[in-house]
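There are 2 protein chains.
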Amino acid sequence: MTNKNIKIMILGADGYLGVPLSVDLALKGFNLTLIDNYVKRKLSAKYLRQPLNKINKIETRVKQLEKINKNITFSNIDCRDSNRFDQIFKKVKPDIVVHFAEIPSAPYSMLGTDEGWNTLNNNLKSTYNLISSVKKHNKDCHIIKLGTMGEYGTPNIDIEEGWLDIHHRGRKDKFLYPRQGSSLYHMSKIMDTDLLWFNVRMHGLQVTDLMQGPVYGIHTSEFAKDNHLETSFAYDDIFGTVLNRFIVQAIANIPLTVYGSGSQIRGYINLKDTLQCINLAIQNPPGKDKLSIYNQFTEQFSVNELSKIVKNALKYINIDVKINHLDNPRVESEKHYYNADNKGMKKLGLKPTLLTKDTIIEIAEYVIKYKKRINKKIIQPKINWK
Amino acid sequence: MTNKNIKIMILGADGYLGVPLSVDLALKGFNLTLIDNYVKRKLSAKYLRQPLNKINKIETRVKQLEKINKNITFSNIDCRDSNRFDQIFKKVKPDIVVHFAEIPSAPYSMLGTDEGWNTLNNNLKSTYNLISSVKKHNKDCHIIKLGTMGEYGTPNIDIEEGWLDIHHRGRKDKFLYPRQGSSLYHMSKIMDTDLLWFNVRMHGLQVTDLMQGPVYGIHTSEFAKDNHLETSFAYDDIFGTVLNRFIVQAIANIPLTVYGSGSQIRGYINLKDTLQCINLAIQNPPGKDKLSIYNQFTEQFSVNELSKIVKNALKYINIDVKINHLDNPRVESEKHYYNADNKGMKKLGLKPTLLTKDTIIEIAEYVIKYKKRINKKIIQPKINWK
Chain A
1 MTNKNIKIMI LGADGYLGVP LSVDLALKGF NLTLIDNYVK RKLSAKYLRQ
51 PLNKINKIET RVKQLEKINK NITFSNIDCR DSNRFDQIFK KVKPDIVVHF
101 AEIPSAPYSM LGTDEGWNTL NNNLKSTYNL ISSVKKHNKD CHIIKLGTMG
151 EYGTPNIDIE EGWLDIHHRG RKDKFLYPRQ GSSLYHMSKI MDTDLLWFNV
201 RMHGLQVTDL MQGPVYGIHT SEFAKDNHLE TSFAYDDIFG TVLNRFIVQA
251 IANIPLTVYG SGSQIRGYIN LKDTLQCINL AIQNPPGKDK LSIYNQFTEQ
301 FSVNELSKIV KNALKYINID VKINHLDNPR VESEKHYYNA DNKGMKKLGL
351 KPTLLTKDTI IEIAEYVIKY KKRINKKIIQ PKINWK
Chain B
1001 MTNKNIKIMI LGADGYLGVP LSVDLALKGF NLTLIDNYVK RKLSAKYLRQ
1051 PLNKINKIET RVKQLEKINK NITFSNIDCR DSNRFDQIFK KVKPDIVVHF
1101 AEIPSAPYSM LGTDEGWNTL NNNLKSTYNL ISSVKKHNKD CHIIKLGTMG
1151 EYGTPNIDIE EGWLDIHHRG RKDKFLYPRQ GSSLYHMSKI MDTDLLWFNV
1201 RMHGLQVTDL MQGPVYGIHT SEFAKDNHLE TSFAYDDIFG TVLNRFIVQA
1251 IANIPLTVYG SGSQIRGYIN LKDTLQCINL AIQNPPGKDK LSIYNQFTEQ
1301 FSVNELSKIV KNALKYINID VKINHLDNPR VESEKHYYNA DNKGMKKLGL
1351 KPTLLTKDTI IEIAEYVIKY KKRINKKIIQ PKINWK
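The listed protein sequences correspond, in order, to chains A and B. Per the numbering used here, the first sequence starts with residue 1, numbered consecutively. Per the numbering used here, the second sequence starts with residue 1001, numbered consecutively.
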């Protein structure tokens, strides 16, 4: 089967990951249905957290993509709307759905009662509607769902890839690896995982669940650069991820804001590697009745290490980086054990893009182009977990 | 502090458990706020699954209860309505909330897409709103939440009370015991537990989570009998629990319907013991920052054993019981290991009411009073998990 006969639906095609994935899969010739309701743009506007760069609407981007691939359509649909979602799913009957249609911010989810519920409800309902349509119209559809490493929290034992064999009083069984989130956003992702696993067990669906670590960086395809198809770059306290924020702070000549002691360890991944991972997931369907879980990160760092890596790398382009420790606005363990497995994706063929000096300088040079647009007021954390 | 100074709010005060608990706590002199929106009555009516007996509306019942306790009010509120719920919570500022406000049926949740979402959304939103109001208005409030033994599923290892110490590669940590539900109803209860535990960790709430096994039986307080304050008795395929259904089938002279092989094992509890357990939970608050979990059942039986216990008991009142095995409408393991701990409530002082011949005959005699109202058409299972 050639790629043009493979129908892929991307839910959340306007997001940080959805935009470059759309370009990447368009270049590879897949038949694409892009879905988004611009909810993240609306939230960015509402909370005055605009990204560094301005990106075109999907309608415009689809026209650009049509230069290389005619089989691309966009539908402005809220995935919470079960009727409209089911209509498009029934019409397209995708072979694969990549599900990014989730509100992706831990701080947003902890802002207040409404924002917390909005996150839980949006994320769980989108996943529920997707599952319902798959069950009704194409049970063989491969669901590729973006989860988060944050679902595991910071347990005092090694983090395995999704599952854990438990021996207890002379007997044993295999379970989902224990989950314990540190924000309502993370809780919503845990509930998604539970719901997907339930439907794999009960209804034989096939699902790949990707536990992604904090993602950073830019998409560097030549086609995207030449055709104004770049993705958004958030650096604010709500939608920005830590490394992107640090680099923007460095370029804006303000200290990097390390929350608390900075000894919190996480597994990180470059946006380029996220695209590799989604492609590997597409090429490796788990098969009926199976949930495949991968830990999608390439390297573990503490926040302190991360800030020092940025500081050391940017010396080479004569930027002097200062580091500032803030009271931690989050409720999270700062001193904790962390050792997570990430062999699965490497086994499938992932070639990690490491967080080298060059990687950081490439991102910094990108940020420098937009230096005038940096809004220093939206970087300091304003949402307190307590 | 005397009981009249202790404010208890019962969410779901019109349910099978809510009704007798209201009577019991009224007799004990607590200051009570009863909340319900009659959703279960509405669902019973919609799906033509009326209970065996007709019970008064709460408004009428409150008038009866006022003979013994003046401090009882009822508010017809949908706990999903965050504004109205928050208003009443803010006004009352209860010391204790007993949270039964959940759609309680596994088959209902598996009936279709809408019913599944209705279950997930109703149960999670009620719990979310309760937590939000507790955080805002009285962080010391003791939340007593009804969960279900079904959250654990049927693992191949012993079921502990809520938690599991896990040793893995030379390290150890304590986690929520792994959960894996077998219906969307059970999944909603798992999500509730996750959300409560999250809020205990993050915001220092105090919660008692009661993992109850299938409940059976009747409330036998003299006051309730004399004042038309009995609770509803469901026996249908959606809202009836298995033992109550078996006894009704026996009285109606139709075979007991055992689903599948009947070797499914569960932990059961008499309604009288549920009341004991809630009272013990009231008397034993976990304290700030703590989630206490109890497995709320008294005896384990397979469905086959249960059907034989009914058959043998009813011989004594000259009822000849037939047993019929049906294709299992559920997706569940039939041959499985099951060994669940239930020491916690016994340690607090629970005196179990065992499933003796007399217990069954007492229920059977109650059912006989309503024999004419038995609707044989609503007993056979009509909802198939697949």
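Positions of the beta carbon are idealized from the N, C-alpha and C atoms, including for glycine.
In the structure shown, the three-state DSSP call for residue 1384/B is coil. One Cα belongs to residue 1187/B, the other to residue 1275/B, and the distance between them is close to 25 Å. Under DSSP, the beta-bridge partners assigned to residue 1206/B are 1142/B and 1290/B. For a Cβ distance threshold of 8 Å, residue set 155, 178 and 180 of chain A lies close to residue 1175/B, ordered along the chain.
Residue contact with chain B for residue 140/A: absent (no Cβ-Cβ distance below 7 Å to any residue of chain B). Considered as a whole, the stretch 70–101 of chain A harbours 82–92 as its complete alpha helix (DSSP H) runs of no fewer than 4 residues, in chain order. Residue 301/A is bridged by DSSP to 266/A. If you compare the alpha carbons of 340/A, 6/A, 53/A and 36/A with that of residue 234/A, the shortest gap goes to 53/A.
Here residue 238/A is buried, its C-beta having at least 16 other C-beta atoms within 10 Å. For residue 223/A, the uninterrupted alpha helix (DSSP H) segment begins and ends at 222–226. Taking 8 Å as the upper bound for CB-CB distance, residue 353/A and residue 273/A are in contact here, some 5 Å apart.
Membership of residue 1345/B in the alpha helix (DSSP H) is indicated by the continuous run 1343–1348. Of the residues assessed, residue 322/A falls on the exposed side of the cut-off, its CB having fewer than 16 other CB atoms within 10 angstroms.
Chain A places a beta carbon closer than 7 Å to that of residue 1128/B, counting this residue as a contact. Of all C-beta pairs linking the stretch 1313–1320 of chain B to the stretch 1257–1273 of chain B, fewer than three are shorter than 8 Å, placing the two stretches out of contact.
At least 7 Å separates the beta-carbon of residue 1018/B from that of residue 1008/B. By the C-beta density criterion, residue 1034/B is buried, having at least 16 other C-beta atoms within 10 angstroms. A Cβ-Cβ separation of about 7 Å places residue 146/A in contact with residue 99/A under the 8 Å criterion.
Nearest Cα to residue 294/A within the set 349/A, 87/A, 13/A and 136/A: 349/A.
Apart from the 5 residues on each side of it in sequence, residue 1340/B sits with its Cβ closer than 6 Å to the Cβ of 1159, 1267 and 1295 in its chain, given in chain order. Judged by their CB atoms, residue 1204/B and residue 1288/B are nearer to each other than the 7 Å cut-off. Taking the Cα of residue 201/A as reference, the smallest distance to any Cα among 1012/B, 1385/B and 1125/B is reached at 1385/B.
Those residues of the stretch 1185–1204 of chain B placed with their C-beta closer than 8 Å to a C-beta in chain A are 1187, 1190, 1191, 1194, 1195, 1197, 1198, 1201, 1202 and 1203, ordered along the chain.
Chain-order list of chain B residues neighbouring residue 331/A: 1202, by C-beta distance under 7 Å. Distances from the CA of residue 130/A to each of 15/A, 87/A, 331/A and 286/A were compared; the closest alpha carbon is that of 87/A.
Residue 109/A has a beta carbon lying at 7 Å or more from every beta carbon in chain B.
It is roughly 14 Å from the alpha-carbon of residue 1096/B to the alpha-carbon of residue 1292/B.
Contact annotation for residue 54/A against chain B: no contact, minimum CB-CB distance about 36 Å [criterion: below 7 Å]. Assignment of beta strand (DSSP E) within the stretch 114–179 of chain A, counting only whole runs of 3 or more residues, yields 142–148, 163–168 and 171–176 in chain order.
For residue 174/A, same chain residues with a beta-carbon under 8 Å away, outside a window of 5 residues either side, are 163, 164, 165 and 166 in chain order. Taken atom to atom, the span from the alpha-carbon of residue 329/A to that of residue 264/A is near 13 Å. Identification of residues in the stretch 319–346 of chain A having a C-beta nearer than 8 Å to some C-beta of chain B yields 331 and 337, given in sequence order.
Within chain A, the residues placing a beta-carbon under 8 Å from that of residue 1169/B are 157 and 158, ordered along the chain. With 16 or more other Cβ atoms from the protein chains shown falling within 10 Å of its own Cβ, residue 1125/B counts as buried. Contacts with chain B at 7 Å (Cβ-Cβ) do not include residue 119/A. Here DSSP, grouped into helix, strand and coil, assigns residue 215/A to strand.
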